[in-house]
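If you read the sequence shown in my numbering, its first letter stands for residue 1140, the second for the next number, and so on.
Even glycine gets a Cβ: it sits at the ideal position worked out from N, Cα and C.
Keep in mind it's a predicted model, so treat the numbers as computed, not measured.
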Amino acid sequence: MLGLGWNTEHITHKEEDMGEVAGRVVIVVGASGGIGRIISREFHNEGATVVLVARKVPKLEELANQLGNKRTKVIPTDASVPADVERLFAETVKMFGKVDAVVISTGNWSPVSIDTDLKEAVEQAEQDFRAHFLTVYTVGLCAQRFFRKQSFGGLIVNISSHVADRANLVGNLSYGSAKAAASRFLNGIRFEIFNETNRIRHDEESDTFVPRIRVTEIKPAIVNTHDNKHLLPTKEMRDLAVQPEEISGWIIKHFNDVKLPVCKSFTSEVTV
Ligand SMILES: NC(=O)c1ccc[n+]([C@@H]2O[C@H](COP(=O)([O-])OP(=O)(O)OC[C@H]3O[C@@H](n4cnc5c(N)ncnc54)[C@H](OP(=O)(O)O)[C@@H]3O)[C@@H](O)[C@H]2O)c1
């Protein structure tokens, strides 16, 4: 059962002791990937504690080593499996006392278009819906439930794609559909959370209501990651692509922004 065994009553932190990001506990799901790795590194550089999550351990441990094995914890997790995700939150709280944010950056892209063999297209859809929808669905549901119990709430960030909103790019029939489904789900939980006034807190200083749980998405075009070198063969193309640091920089900049924009698109001057 979701949330069983979570005792969040003791979890507090004093906002005045916190920097924008320093002192925060951030779970990065997909931390061994091209984008997740940079997000983990940049959060760590800013003084956050980073929980590094993916299914395979070696690349996570390599990253933890690069970060000096301080303020890091590797927790192997299949983000599409409920028991795994519940254990992830429970272990993080046990070790670091709270969770401030979870960033979901799972899966990669494979083309499916109108000419793709039917069996292949369906197999790819199963993979895409597991990597891009079921992970966001499982982590998102678990996170919002945890953050509702934690007095100061938390932040959920999904790394989506510009194709979630665009049907005019060839090869995105499966990937784009999975990304769109994840966006629809996040809009749904955002609505349900915000709709319940007892789940927002009153900020006496600014006399405004501050959402305790914030949900946002980032929708980049092609990103200059190590794995995309074959798609971006020249330095010029890599320079014109979205840089992963732009993505992590945006999340860090808006980390405590109560008026957090729902979604940010990063366009690239190069198309592949
Ligand atoms: N790269 C781009 O140009 C680009 C552009 C727009 C949007 N995006 C989106 O950005 C996100 C990250 O992309 P990327 O290029 O960094 O991908 P990547 O390099 O392929 O990394 C994907 C990460 O997700 C992990 N992962 C996959 N399935 C998982 C699961 N079920 N549970 C836990 N971890 C899982 C992988 O590790 P394991 O295999 O060990 O689990 C890996 O750490 C994706 O959602 C992608 O669609 C990427």
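Where residue i sits in the DSSP three-state scheme
i               : result
glutamate 1159  : coil
alanine 1240    : strand
serine 1313     : coil
lysine 1198     : helix
proline 1221    : helix
isoleucine 1214 : coil
leucine 1294    : strand
threonine 1410  : coil
glutamate 1344  : coil
lysine 1392     : helix
proline 1359    : strand
valine 1278     : helix
valine 1397     : coil
asparagine 1337 : For asparagine 1337, the predicted model reports a pLDDT of 48, less than 50, meaning its position is unreliable and no value from the coordinates is stated.
leucine 1191    : strand
isoleucine 1352 : strand
Residue i CB to nearest heavy atom of ligand 1 below 7 Å
i               : result
threonine 1410  : no
asparagine 1311 : no
serine 1316     : no
serine 1171     : yes
serine 1249     : no
arginine 1194   : yes
serine 1219     : yes
asparagine 1367 : yes
threonine 1364  : yes
valine 1168     : yes
isoleucine 1295 : no
threonine 1231  : no
serine 1244     : yes
serine 1300     : yes
alanine 1222    : no
alanine 1187    : no
Beta-carbon contacts of residue i that lie in its chain and below 6 Å, excluding the five residues immediately before and after
i                  : result
valine 1409        : Met1376, Leu1379, Ala1380
glycine 1292       : Phe1286, Arg1351, Ile1352
glycine 1175       : Val1167, Gly1169, Ser1244
glycine 1173       : Thr1364, His1365, Asp1366
phenylalanine 1235 : Val1164, Thr1188
Any chain D beta carbon closer than 8 Å to residue i
i              : result
glutamate 1201 : No chain D appears in the structure shown, which is made up of a single protein chain.
Same chain, Cβ closer than 8 Å to residue i, neighbours up to 5 away in sequence not counted
i              : result
leucine 1199   : Ala1170, Ser1171, Leu1191, Val1192, Ala1193, Val1213, Pro1215
threonine 1277 : Ala1218, Ser1219, Val1220, Pro1221, Val1224
proline 1400   : Thr1355, His1393
Integer-rounded CB distance, given that residue j should sit under 8 Å from residue i
i                  : j              : result
phenylalanine 1182 : valine 1238    : Actually they are not in contact, since the Cβ atoms of phenylalanine 1182 and valine 1238 sit about 13 Å apart, beyond 8 Å.
serine 1219        : leucine 1273   : 4 Å
serine 1252        : valine 1309    : 5 Å
phenylalanine 1324 : valine 1354    : With 8 Å as the limit, phenylalanine 1324 and valine 1354 do not qualify as a contact, their Cβ atoms being about 10 Å apart.
isoleucine 1177    : glutamate 1384 : 6 Å
alanine 1203       : glutamate 1185 : At roughly 17 Å, the Cβ-Cβ gap does not stay under 8 Å, so alanine 1203 and glutamate 1185 are not in contact.
Own chain, CB closer than 7 Å to residue i, minus 5 neighbours either side, in chain order
i               : result
asparagine 1395 : Glu1159
alanine 1303    : Gly1315, Lys1318, Ala1319, Ser1322, Lys1358
alanine 1270    : Thr1245, Gly1246
Pairs of beta-carbons, one from the stretch 1350-1360 and one from the stretch 1384-1404, closer than 8 Å: are there three or more? Three or more Cβ pairs closer than 8 Å define a contact, and the stretch 1350-1360 meets that threshold against the stretch 1384-1404.
Report yes or no: do three or more beta-carbon pairs, one from the stretch 1293-1300 and one from the stretch 1222-1241, lie closer than 8 Å? Contact between the stretch 1293-1300 and the stretch 1222-1241 is present, because at least three Cβ pairs lie under 8 Å.
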